[in-house]
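A.B. asks: Those protein sequences? They're chains A and B, same order as listed.
Take this note's numbering: the final residue in the first sequence is number 191, and no numbers are missing along the way.
Take this note's numbering: the final residue in the second sequence is number 191, and no numbers are missing along the way.
For reference, the structure I am asking about is given below.
Number of protein chains: 2
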Amino acid sequence: MSLNWNRGFTIDFNLATGLSGAVESTKRRASNMKGMYCDSKAELELIENGDPLMYEFHEIGAPEDSGDVAAGTSIVYPGKVGDEYYMTAGHFHTILATAEVYYCLSGQGYMLVENKDGDTEAYELNAGKMVYVPKGYAHRSINTGNVPLVTFFAFRADAGHDYGTIKQRGFKKLIVDKSGTPTIVDNPRY
Amino acid sequence: MSLNWNRGFTIDFNLATGLSGAVESTKRRASNMKGMYCDSKAELELIENGDPLMYEFHEIGAPEDSGDVAAGTSIVYPGKVGDEYYMTAGHFHTILATAEVYYCLSGQGYMLVENKDGDTEAYELNAGKMVYVPKGYAHRSINTGNVPLVTFFAFRADAGHDYGTIKQRGFKKLIVDKSGTPTIVDNPRY
Numbered sequence: 002m003s004l005n006w007n008r009g010f011t012i013d014f015n016l017a018t019g020l021s022g023a024v025e026s027t028k029r030r031a032s033n034m035k036g037m038y039c040d041s042k043a044e045l046e047l048i049e050n051g052d053p054l055m056y057e058f059h060e061i062g063a064p065e066d067s068g069d070v071a072a073g074t075s076i077v078y079p080g081k082v083g084d085e086y087y088m089t090a091g092h093f094h095t096i097l098a099t100a101e102v103y104y105c106l107s108g109q110g111y112m113l114v115e116n117k118d119g120d121t122e123a124y125e126l127n128a129g130k131m132v133y134v135p136k137g138y139a140h141r142s143i144n145t146g147n148v149p150l151v152t153f154f155a156f157r158a159d160a161g162h163d164y165g166t167i168k169q170r171g172f173k174k175l176i177v178d179k180s181g182t183p184t185i186v187d188n189p190r191y
Numbered sequence: 002m003s004l005n006w007n008r009g010f011t012i013d014f015n016l017a018t019g020l021s022g023a024v025e026s027t028k029r030r031a032s033n034m035k036g037m038y039c040d041s042k043a044e045l046e047l048i049e050n051g052d053p054l055m056y057e058f059h060e061i062g063a064p065e066d067s068g069d070v071a072a073g074t075s076i077v078y079p080g081k082v083g084d085e086y087y088m089t090a091g092h093f094h095t096i097l098a099t100a101e102v103y104y105c106l107s108g109q110g111y112m113l114v115e116n117k118d119g120d121t122e123a124y125e126l127n128a129g130k131m132v133y134v135p136k137g138y139a140h141r142s143i144n145t146g147n148v149p150l151v152t153f154f155a156f157r158a159d160a161g162h163d164y165g166t167i168k169q170r171g172f173k174k175l176i177v178d179k180s181g182t183p184t185i186v187d188n189p190r191y
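Shown next as structure tokens:
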């Protein structure tokens, strides 16, 4: 599918599933997330037993120009690695001072945000809620429910992704299942 | 409601109605749109007979910074002025080379776009469709259905709104009801 960024276009993202019939999604399985969950044993077991799809997203390739807008959908599937809920890898923007909005279409969970000074917050997500991820904050979405967590996102198209910082140190907080209740705890490895 | 643009926040926009319980919408009645429809007689009659609400939107006041994102919802109600469907006023961005995305949550209609050279296109909107409004294009949404046309929008927060150009000359094209079928026609006043 050819997207004409100069004259405009339409593209579908199914409101229920978040998936587009027009473009391929980027898929992240357990093996792509290796080392990001605390429970390495549970992680390895998952990889060896079917390597489940943890999340996928539509990155439709906007020109990296400050006047363009990158937008698409993100779908985090329900599940856990040990007591940690399925989550996205999370990232800073390369141009740090660029914000992002996420509008939740279905499911429930959290948007975990954290800046380079360690200021952190967990914003609750459910259908109809928009989260504003402010300039300078890394962000990760986490599905604490039983159905896919689907969000529509938009940010300045030249912002870029810095996944490395989070991959190296993780987030300060984790969201884990404590007797059936999603609970925000300190990350022991941070 | 206080929105913390520096640390982030959540805000609700009802998926079905587009309305937020947290903030007031900006409302545009027939009288606010005076002079924008071709049929002046039908327009005047509407204003004198109840001055109906044609559309409303949530502009939640992002800082006018190139790293921030302005986002919210727009709701165009069903109806006609003569044979012209209810529509938004339409605008260019003050910083012309800034794009905008609209993700349609419900209803049906069109996003009419037009640049300063007169290049124009009408993109169809229905639930689950995203329209990319490219840099340099004025845009107006038009409800051709029987239920509210609800969209979620996002753009660079310093883009600004230039309503004056469109108010003065209109769009090159109109979308009118021809025997029950939405039809794109030339604007006789352009």
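Think of the CB as a built atom: it goes at the ideal place given N, C-alpha and C, for glycine as much as any other residue.
Computed from a predicted model, the values in this text were never measured in an experiment.
In angstroms with no decimal places, state the Cα-to-Cα distance between Ala123(B) and Val114(B).
C.D. replies: Cα-Cα distance, rounded: 6 Å.
A.B. asks: How many Å lie between Lys173(B) and Glu57(B) at the Cα?
C.D. replies: Distance between the alpha carbons of Lys173(B) and Glu57(B) is about 24 Å.
A.B. asks: Lys136(A) touches chain B at which residues, Cβ-Cβ below 9 Å?
C.D. replies: Going along chain B in sequence order, the residues near Lys136(A) (Cβ under 9 Å) are Trp6, Asn7, Asp66, Gly68 and Asp69.
A.B. asks: Expressed to the nearest angstrom, what Euclidean distance is found between the alpha-carbon atoms of Phe156(A) and Ala43(A)?
C.D. replies: Their backbone Cα atoms lie some 34 Å apart in a straight line.
A.B. asks: Can you tell me whether Asn188(B) is helix, strand or coil according to DSSP?
C.D. replies: Correct three-state label for Asn188(B): coil.
A.B. asks: Less than 9 Å separating the beta-carbons of Pro183(B) and Tyr86(B)?
C.D. replies: Yes, the Cβ-Cβ distance between Pro183(B) and Tyr86(B) is below 9 Å.
A.B. asks: Can we say the region 63-71 of chain B touches the region 133-140 of chain B, given the rule of at least three CB pairs closer than 8 Å?
C.D. replies: The region 63-71 of chain B, when compared against the region 133-140 of chain B, does not touch it at the 8 Å Cβ threshold.
A.B. asks: If I measure Cβ to Cβ from Gly119(A) and keep anything under 7 Å in the same chain, skipping five residues before and after, which residues do I get?
C.D. replies: Excluding residues within five positions, the ones whose Cβ falls inside 7 Å are Lys173.
A.B. asks: Considering only C-alpha positions, which residue in the set Leu20(A), Leu4(A) and Gly9(A) is nearest to Val151(A)?
C.D. replies: It is Leu20(A) whose Cα lies nearest to the Cα of Val151(A).
A.B. asks: Could you have a look at Ala31(B) and say whether DSSP puts it in helix, strand or coil?
C.D. replies: DSSP places Ala31(B) in helix when its eight states are reduced to three.
A.B. asks: Under a CB-based cut-off of 9 Å, is Met37(A) close to chain B?
C.D. replies: For Met37(A), the answer is no, since every Cβ of chain B falls outside 9 Å of its Cβ.
A.B. asks: Check the C-beta distance from Ile12(B) over to Met37(A) and give it rounded, since I have them as a contact under 8 Å.
C.D. replies: No, Ile12(B) and Met37(A) are not in contact; Cβ-Cβ is about 29 Å, not under 8 Å.
A.B. asks: Quick one, are the C-beta atoms of Asp159(A) and Asp69(A) less than 9 Å apart?
C.D. replies: Contact: yes.
A.B. asks: Within the same chain, show all residues whose beta-carbon is closer than 6 Å to that of Thr166(B), passing over the 5 residues directly before and after it, in chain order.
C.D. replies: Within the same chain, Thr166(B) has close Cβ partners Phe93.
A.B. asks: Would you tell me roughly how many angstroms separate the C-alpha atoms of Val148(B) and Ile96(B), rounded to the nearest one?
C.D. replies: If you take the alpha carbons of Val148(B) and Ile96(B), they lie about 33 Å apart.
A.B. asks: Mind checking Glu101(A): buried by the 16 CB within 10 Å criterion, or exposed?
C.D. replies: Under this definition Glu101(A) is a buried residue.
A.B. asks: With DSSP collapsed to three states, give me the class of Glu49(A).
C.D. replies: In the structure shown, Glu49(A) sits in a helix (DSSP, three-state: H, G or I).
A.B. asks: Determine the extent of the alpha helix (DSSP H) in which Thr166(B) is found, giving its start and end residues.
C.D. replies: Where Thr166(B) is concerned, the enclosing alpha helix (DSSP H) stretches over Gly165 to Arg170.
A.B. asks: Can the beta-carbon of Tyr103(B) be found less than 9 Å from the beta-carbon of His140(B)?
C.D. replies: For Tyr103(B) and His140(B), yes; Cβs fall inside 9 Å.
A.B. asks: In its own chain, which residues sit with a C-beta less than 7 Å from the C-beta of Tyr164(B), not counting the 5 before and 5 after it?
C.D. replies: Cβ within range, chain order: Ala90 and His92.
A.B. asks: If the cut-off is 9 Å on Cβ atoms, which residues from the region 145-165 of chain B count as contacting chain A, listed in chain order?
C.D. replies: Hits within the stretch, in order: Phe153, Phe154, Ala155, Phe156, Arg157, Ala158 and Ala160.
A.B. asks: How would you label Pro180(A), buried or exposed, when you count the other beta carbons within 10 angstroms and need 16 or more for buried?
C.D. replies: In the sequence as displayed, the identity of residue 180(A) is Ser instead of Pro. It counts as exposed.
A.B. asks: What does the Cβ neighbour count give for Tyr191(B), buried or exposed, with the cut at 16 atoms within 10 Å?
C.D. replies: Classification of Tyr191(B): exposed, given that the 10 Å Cβ count is below 16.
A.B. asks: How big is the Cα-Cα spacing for Asn116(A) and Pro79(B)?
C.D. replies: C-alpha separation (whole angstroms): 44 Å.
A.B. asks: For Gly72(A), which three-state DSSP category applies?
C.D. replies: It should be noted that the sequence gives Ala, not Gly, for residue 72(A). Looking at Ala72(A) - three-state DSSP - the assignment turns out to be strand.
A.B. asks: When DSSP labels each residue in this structure, what does Glu44(B) get in the three-state scheme?
C.D. replies: If DSSP states are grouped into helix, strand and coil, Glu44(B) belongs with the helices.
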